[in-house]
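Enquirer: Just so you know, the sequence shown maps onto residues -36 to -1, 1 to 1235 in mature numbering (1 follows the signal peptide of the UniProt record, and there is no 0). Cβ atoms here follow ideal geometry from the backbone N, Cα and C, with glycine treated the same way.
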Amino acid sequence: MWLLINNNTFPKSDIFWIKLLTSLLLICGFIGGGNAAGSSCLSVGCKNGGTCITQSNGHSFCNCSSRYVGEYCEHLNPCFTGLLRCQNGGTCQPSYRVDRLGISCICPLGFTESLCEIRVPNACDSSPCRNGGSCNLKTLDDYTCSCMNGYTGEYCETQNLCATSPCHNGGTCTSVAGGNSFKCLCPKGFKGQTCAEDVIECEANPCKHGGTCKNTHGSYQCMCPGGYTGKNCESKYIPCAPSPCQNGGTCRQSNGLMYECKCPPGFRGKHCEENIDDCPGNLCQNGGTCIDGINTYRCTCPPNFTGELCEEDVDECAMRPSVCQNGATCTNTHGNYSCICVNGWEGRDCSDNVDDCVAAACFYGATCIDGVGSFYCRCTPGKTGLLCHLDDACTSNPCHKDAICDTSPINGSYTCSCATGYKGVDCSEDIDECDQGSPCEHNGICVNTPGSFRCNCSQGFTGPRCETNINECESHPCQNEGSCLDDPGTFRCVCMPGFAGTQCEIDIDECQSNPCLNGATCHDMINGFKCSCALGFAGTRCQINIDDCQSQPCRNNGICHDSIAGYTCECPPGYTGTSCQININDCDSNPCHRGKCIDGDNSFKCVCDPGFTGYLCQTQINECESNPCQFGGHCIDRVGSYLCKCLPGTSGKNCEINVNECHSNPCNNGATCIDGINKYTCECVKGFTGLHCEININECASNPCANNGVCMDMVNGYKCECPRGFYDARCLSDVDECASNPCINGGRCEDGINEFICHCPPGYGGKRCEIDIDECSSNPCQHGGICIDQLNSFQCQCMPGYTGYRCETNIDDCLINPCVNGGSCIDLVNGYKCACKVPFTGRDCESKMDPCSTHRCRNDAKCTPSPNFLDFSCTCKLGYTGRYCDEDIDECALSSPCRNGATCLNVPGTYKCLCAKGYEGRDCAINTDDCASFPCQNGGTCLDGIGDYTCLCVDGFDGKHCETDINECLSLPCQNGATCRQYVNSYTCTCPLGFSGINCQTNDEDCTESSCMNGGTCIDGINSYNCSCLPAFTGSNCQYKINKCDSQPCQNGATCHESGDEYTCHCPHGYTGKQCTEYIDWCSQSPCENGATCSQIKNQYNCKCDAGWTGKLCDVEMVSCEVAAMRKQVGLKQLCNNGTCKEMGNMHLCLCKQGYTGSYCQTDINECESQPCQNGGTCLDRVGEYKCICPKGFQGQNCELNIDDCSPNPCQNGGTCHDLVQSFSCSCPPGTLGIICEINQEDCVPGACHNNGTCIDRVGGFECACPAGFV
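1) Considering Cα atoms alone, identify which of C838, C1031, Y340, C1213 is closest to D319.
2) Buried or exposed: where does V8 fall if 16 or more other Cβ atoms within 10 Å of its Cβ makes it buried?
3) Kindly list the residues whose CB is nearer than 7 Å to the CB of G299, restricted to its own chain and excluding five residues on each side of it in sequence; keep chain order.
4) With P725 and G748 assumed to form a contact (beta carbons below 8 Å), what rounded beta-carbon distance in angstroms separates them?
5) Take C1154 as the anchor and find which of N1166, T379, R1146 has the nearest alpha-carbon.
6) Could you tell me which residues DSSP pairs with D753 in its beta bridges?
7) Grab me the residues of N1216's own chain with a C-beta within less than 6 Å of its C-beta, minus the 5 sequence neighbours each way, in chain order.
8) With distances taken between CB atoms, is the gap from H656 to N632 smaller than 8 Å?
9) Count the other CB atoms within 10 Å of the CB of F1158; is the residue buried (16 or more) or exposed (fewer)?
10) Using a Cβ-Cβ cutoff of less than 7 Å, which residues in the same chain neighbour H181 once the five nearest sequence positions on both sides are dropped?
11) Which residue or residues does DSSP assign as beta-bridge partners of A799?
12) Assuming Y119 and P85 form a contact by the criterion Cβ under 8 Å, report the distance between their Cβ atoms to the nearest whole angstrom.
13) Under 7 Å Cβ to Cβ from C382, same chain only, skipping five residues before and after it: list those, please.
14) Quick check on the DSSP output: the alpha helix (DSSP H) that includes M1090 runs from which residue to which?
15) Measure how close the beta-carbons of N1007 and P1032 come, nearest whole angstrom, since I'm counting them as under 8 Å.
16) Taking the continuous beta strand (DSSP E) assigned at F417, which residues delimit it?
17) Just list the residues that DSSP pairs A324 with in beta bridges.
18) Looking at the C-beta of C976, does it have a partner C-beta in chain C at a distance below 8 Å?
19) Any idea what DSSP makes of F959, helix, strand or coil?
20) Taking only three categories from DSSP, how would you classify M813?
21) Going straight from the alpha carbon of I1220 to that of F921, what length do you get?
22) Determine contact between the segment 419 to 435 and the segment 457 to 469, defined as no fewer than three beta-carbon pairs at a distance below 8 Å.
23) G257: buried (16+ other C-beta within 10 angstroms of its C-beta) or exposed?
24) Touching or not, the segment 779 to 791 and the segment 761 to 771, by the rule of three or more beta carbon pairs under 8 Å?
25) Under a three-way DSSP split, which group does M283 fall into?
26) Below 8 Å, can you find three or more Cβ-Cβ pairs linking the segment 415 to 422 to the segment 388 to 403?
27) Quick check on this structure: which residue in S527, S1123, N549 has the alpha carbon closest to the alpha carbon of P537?
28) For L(-12), which residues in the same chain have their Cβ closer than 6 Å to its Cβ, ignoring the five residues on either side in sequence?
29) Can you give the beta carbon distance from P620 to K643, rounded, assuming they're within the 8 Å contact cut?
30) Within its chain, find whatever has a CB closer than 8 Å to the CB of Y223; leave out the 5 residues flanking it on each side and keep chain order.
31) Nearest-angstrom Cα distance between I780 and D738?
32) E932: which of H925, R945, C131 sits nearest, CA to CA?
33) Measuring CB to CB, does Y883 end up less than 8 Å from P899?
34) Going by CA-CA distance only, name the one from T293, A292, E198, G252 that's closest to C274.
35) Are the Cβ atoms of G96 and S110 separated by less than 8 Å?
36) Quick check on this structure: which residue in S615, T1036, Q1003, N1001 has the alpha carbon closest to the alpha carbon of A1018?
Here it is in structure tokens:
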């Protein structure tokens, strides 16, 4: 079988590797969101809850949840939603096939194909596992069997009887060979084939001392009487052994069998079993949970707090710098944090991309594409602009061939970028470059060519425009890196600093002015000099006397005295050397007896060898004094250690390990094993004896049955079967030999057959206990003690210095601490010896040695005893010498200490220097530091001179002490009425509205392209502008067209209508003429009928009727309605056409319906005749009314209302909206462009903000966010 993937054919054997490779690609690329091509998720964002992750190499990808896949997590995972499913336990992975999202299956062993639906032949096909076992493949050729419960073996062929756990009560089941049976090994307390039977232990009466036995399941329990305890009531009850007190409580026996527990802090209860809850009244803050401890508590803090009491706020921003995503700024708050998102992101952690298309307004069916902090309108054909709101004028290809058509994003108009040599709106006109001012330079002659020109150059010039002067600098005539400037026919050299001459050949000597001070040598350099200073001076001009004490050369707190190119150190006691670097070795006399001497500052310390102590390590430590050896071990003292010789049966460094000889349970027949030292003792129950109680005592061995009685041995007893004539327990019926009390000294008599036996008390022996045993015969008294025998004992009279029952103890004569003043006591036999600390001596160290007490040191010298206090030495003050410091030193003659021309005067014990002017100090070596009082203010640098100083002021300050802050505002730098604020070495100008610039020198341009409408000219003012309008327009922005009707040219109540640049007057009844100033001559039209006479007054006429007629036109005969209808040969109802006839005396009158007029209501009134519809509306006449059909942009009954296209205001960024007819116009504020002011021009030009300030673009300007220290 073959598999086709992306038009590539692979054999079936490669399917596994293809699937594995596909999975790896999905993990690394598709699912992970690798975007080698396409947008980064940082700009587009991840969908459906995906997280944008940036790798160390700068690439970013979307980490999708399990239900979504794709570069931006935009697709549902087909493993969850698709119809196909992997079968037989296959693992589903999403994959692309021919650019379509699908699934691939990773099949388990034994299955194959796309959905793992085909079984592969394998070792399990033969069903090798028996008895219901499951076959599990390891490879196609190997397997293992998982057996059902009750079977075992490689093929589950063997029945496992133990699988059903037949052994009860914890019994261990073992299968018998062959698997046909099993055997149970029962735990103690159970018996039977399946350990189901409980052993009745009470049948053996295990409880001692009258205890009551109670059988329990698998065991028994002894109810002990008072005073006994233990499993079998075998032990006497001692209340505190073992201690019943828990948690380290101390048990104290009160009386009898009672006890009480003294609990440690934090516990209470009879047995100290209750841990006192320390949490009530706890001090856990900020929602921390108190967790009780032992005599304390701890606080488990919520995630936002830490500290012992949760009192410290966790700074999430510092602990997790990535908590705020997508470049957001993290701000820590108490118990929380907040993220200040960059533009385009929102959410608690700024992980949600703001859909900028929600508030966007893409026009004319454009598609809004969301970005990060922005959106993009994809326009339909023929539209352009940021919002696709403009018609693309380039659609009609208005530009000439080879010209580039550009659409303005502001108004949609086109601009043709002409090819070189052409001009005109559509780039169709050839430019005569020569007529526009010759493009040829240096008197070249211009020759016009189609679309271009040619220059015929004058001699000495070349180039397309004759712009190139033949360069005389090509020969590099200027030396020493001077710059050559080419002039017509010649050159000129601009020299580097430090050089002069026509060709910069002269090196200027900067040493000519002798700039180096204090005897320094000046070395001329290029554009500078270098001073080689004399020893002791430094600085660029050697003006600074080097302070040799500045490096603190004197060590060990020595006092440094500066001189010129040198210094002297005044050392503290215990140190010497040029820099006091030498510590006088107090260990030279080897004062430490048995240890190492460590030299200190004017002192020493002894570090003793192991086994020695004392100030001078003179005392050997007796490590055996603490009796470290246990279980009778003998301690042997050594130097720095001890050795324990252990008794047999014990071991360990301190003989602390007693070998438990009872561990092997050597005692038989219920005996109790008692461990001893190198032995054990079996305490046998009655009736048994022997080392291991292995012998049943044969009470018949002593033939207790007298008179030939037959003895029958029993456990712990016997029974006598007496012959005839004898009776009692031992068949004794003979004479009682003990009746005469033969045993003396308290001996106990035992009657025998024809004899008696005396059992003597301790201290006596003999047949009748008549002999006093001599206990002194074994010489028990040690160390020469005398033994005195006593009854069953002895007494030892000890030699002086010893005590104890056997005189075994040497009395410690040091117990009374006889050695005073820190002396160490060494115990002897019947005495002691004191090892005294210096300076003490005597038997008990009671005397203090003081060799300085004689006051032999003179002139306030310091007397120091020798280390052994047997001698002394005198430490002389300056100016004295000799063993006793009694000789005056003449310092002036010895070393001439006074410097810089000072006069030396010797005085007792010292000298005095009379310093020359400008110097001070003990040796007049110090140039008086006139800068020591820090006279320079405001950060000025003080330069010390001799008897004077100079202040080098920082910029912005002046004066002797830099005390004057230079007022930069005094020069009135701020223009146009701005307010000057003075700072250190700077100033700022607060500009009035309408001005800008560092000095407010710039009048801001308030005019924009859209400020003035209808061709008006914008005239810039101060923070304002005025519009100079074309004729026929008016308004602050020339937004209103001047209405000819505003001058009310129509008279006599006529209605004025504007039409283009003219107007027309709709005259009222009876008026005519352009301005309705003339009367209509009604009577000339003969309006009156039936011989009536017409007369006119102004705009009205009147008909004077003959007899029998009436009405406005004298057309109504004065008869009744019925007669009038009959004469007109119409029905009565048809007489008044659109009205009703009413009798009025001997005449009739027609009352017309609304919308009709005339004597007989025969005329439909034309309501449109008065032209009620304004603004070009079309009037439709109806019966009794009219309707105006308004043009676009107007509404209202008479189209009198101009629809307000400015509501809501479409102009952005503060633009002013002007309503037009079916349109609007925006007057944009400075800094904005576009039909609706939607383009905010970038005002943050390079260098707008100084000193690393951050420029923030605003509408019509910018704002600087200054760093600390700048405004």
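Expert: Reading from the atomic positions:
1) Y340
2) buried
3) N250, N268, F269, D277
4) Not really, about 32 Å apart at Cβ, beyond 8 Å.
5) N1166
6) F758
7) P1231
8) yes
9) buried
10) D162
11) S788
12) Not quite, the Cβ-Cβ distance comes to about 20 Å (not below 8 Å), so this is no contact.
13) A367, C391
14) 1085 to 1091
15) The pair is not a contact, with the Cβ atoms about 21 Å apart (cut-off 8 Å).
16) 416 to 420
17) Partner(s): none; A324 has no beta bridge.
18) Given the protein chain composition of this structure (a single chain), no chain C is represented.
19) strand
20) coil
21) 33 Å
22) no
23) exposed
24) no
25) helix
26) yes
27) N549
28) Note that L(-12) scores 34 on pLDDT, short of 50, meaning its location in the model is unreliable; the coordinates nonetheless yield the value given after this. Counting only Cβ-Cβ distances below 6 Å, and skipping sequence neighbours, we find nothing.
29) Residue 620 is actually Glu in this sequence, not Pro. About 18 Å separates the two Cβ atoms, so there is no contact after all.
30) P203, C204, P208, C215, R216, Q217
31) 39 Å
32) R945
33) no
34) G252
35) no
36) T1036
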